[in-house]
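Here the structure is laid out as C-alpha cells; the discussion comes afterwards.
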Amino acid sequence: MTKVVAINASPRKKGNTSILLGHILEELENAGIDTEEVSLGGGEVRGCTACMRCRENQDGHCALDDDIVNTCIDKMVEADGIVLGSPVYFLDVTAGMKGLIDRAGFVAMVNNDLFRRKVGVAVTVMRRAGATTALNTMINFMVYSGMIVPGKPVIGLGREIGAVSGDDEGIGRARDAGKNMAWLLEALATPRGS
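Position 165, counted from 1, in the sequence shown is what UniProt numbering calls 165; the numbers after and before it change by one each time, with no gaps.
Written out as C-alpha cells, the structure is:
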C-alpha cells in the first residue's frame, strides 16, 4: 500500500501546522493512501555536527541517536511520499525542522540518496512574513534529495492555535496539495502503457 508520512515541526502538537497537515492527509486517505503524522513536538532535535559517521557507517542513520531524527529517517525511507510542515519562526523553519533537514539530508545523500523519487510537499504557517524562506528551505531539501515536488506549496495564515481554520485559501491549498500528491503517487505507481 502507498504510504505518506507527514513531519510536523511545530512545538504545538495540535496547532495550525497540524491542522493544515490534517487536510492534506485527509485527501490522501480519501484516495486510499495510508498516512501518518509524526510530531517533533517541541522536543530537542540536535543539529548536524559534521562528524561524518553516517558516511562511514553506511547504515542509513545519524550517529546522534538521542532524539527523534533516526525514527523520522526510517519513516521517510519507508514512505512513498513525505510532507514537511513547519510554522515560520523568525522568517524560516523551526530549529527542529532545520535539524531534521540537515541530518536526514546528509544521511540520505551519503547512503545512496535514500529519498530519491519520493513525492514531497511543503507546508508552512505564518503570521506576517517568512513563508517564502521557510518553503524554500523545505523544498530545496526535497529537490536536492532527488524528490519530486508537485506545484502549489501550502501557506496558511494564523498565529493563535486554530486560527488557520479561518484561512479558507490556505485550507484549499492544503486540500489541493493532498489531491495533487495522491494523483502523482498513483501516476508513479502505474506502469507505462497500462
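Built from N, CA and C at the ideal position, the CB exists for glycine as well. Please read all numbers here as calculations on a predicted model, not as lab measurements.
Its chain contains G42 as the residues whose beta carbon lies nearer than 6 angstroms to that of P11, once the 5 sequence neighbours on both sides are disregarded; these appear in chain order. When the alpha-carbon of L91 is set against those of A9, A129, V125, L114, the nearest one is in A129. Looking at the DSSP output, L188 shares a beta bridge with no other residue.
Judged by DSSP secondary structure, V143 falls within the alpha helix (DSSP H) whose first and last residues are 131-144. Taken in chain order, the complete alpha helix (DSSP H) segments of 4 or more residues contained in the UniProt domain "NADPH-dependent FMN reductase-like" (2-157) are 16-30, 53-57, 69-78, 95-110, 131-144. For the pair G178 and H23, the CB atoms are nearer than the 9 angstroms cut-off. Secondary structure of D176 (DSSP, three-state): helix. Nearest Cα to L64 within the set G170, M126, C51: C51. The three-state secondary structure of D168, taken from DSSP, is helix. In chain order, L91, D92 place their CB closer than 6 angstroms to the CB of T133, counting only its own chain and leaving out the 5 sequence neighbours on each side.
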